[in-house]
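Sequential numbering of the sequence shown, starting at 10, is according to the working numbering.
Cβ coordinates follow ideal geometry from the N, Cα and C atoms, glycine included.
Please read all numbers here as calculations on a predicted model, not as lab measurements.
Some notes on the structure that comes next.
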Amino acid sequence: MVSRGHVYRLVDLASLIVKVRGEPVGAATYRFDDNGGCELMSLNTTKPGVGVGTRLLMAVEDEARAAGCQSVWLITSNDNVEALRFYQRRGYRIKAVYPGAIDEARKIKPAIPVIGNHGIEIHDEIELAKEVGVR
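Below you can see the structure in the form of structure tokens.
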């Protein structure tokens with residue numbers, strides 16, 4: 010995975026897994042940054058629309074608070090309109106747009122597709138963040 014020009018291996022990150030009847034139905038990976046934040050690296054579910062993603066996101070926010078983080082932030086691509094909807098409905102706000110960042114990431118990881126969701130060309134990274142405060 011490439012995020013903001015850095016390469017990460019998901020197996021090296023902290024993770025949370027949701028299981029139903031012993032079967033994994035969702036996972037989130039995250040890391041604590043050097044600026045008092047927590048970067049959500051991935052959030053996936055095999056059961057969309059039933060709250061698994063929301064529960065995972067809330068659990069990552071809880072982990073961030075427990076670690077003393079002030080915010081949770083993430084990067085998504087300009088074609089990922091579903092993610093933009095999902096996160097904004099849960100209080101995340103667009104903090105920055107990095108034009109051409111995915112074009113640059115493609116030089117590191119050529120497997121990143123040029124055309125993404127809904128036939129949208131993938132070029133830019135969008136950063137979203139939510140202040141979670143410390144309990």
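Can you tell me which of the options puts its alpha carbon nearest to the alpha carbon of residue i?
i      : options                          : result
Lys56  : Glu32, Trp82 and Ala75           : Glu32
Asp21  : Gly125, Arg30 and Arg40          : Arg40
Val106 : Gly100, Arg99 and Ala138         : Ala138
Ala36  : His132, Asp43 and Ala23          : Ala23
His15  : Glu140, Asn87, Gly100 and Ala110 : Ala110
Glu48  : Lys116, Leu66, Val34 and Thr54   : Leu66
Leu83  : Tyr101, Thr63, Gly58 and Tyr17   : Tyr101
Just to confirm, are residue i and residue j a CB contact at a threshold of 8 Å?
i      : j      : result
Gly45  : Gln97  : no
Lys103 : Ile124 : What sits at residue 103 in the sequence shown is Ile, not Lys. Going by C-beta atoms, Ile103 is not nearer than 8 Å to Ile124.
Val27  : Val61  : yes
Ile129 : Pro122 : no
Val11  : Ala114 : yes
Leu19  : Ser51  : yes
Ala73  : Val141 : yes
Asn53  : Asp88  : no
According to DSSP, is residue i helix, strand or coil?
i      : result
Val69  : helix
Tyr96  : helix
Ile131 : coil
Ala120 : coil
Gly62  : helix
Asn53  : strand
Arg40  : strand
Leu25  : strand
When DSSP builds the beta bridges, which residues end up paired with residue i?
i      : result
Gly46  : Ser80
Arg102 : Ala138
Gly35  : Val27 and Thr54
Val16  : Val11
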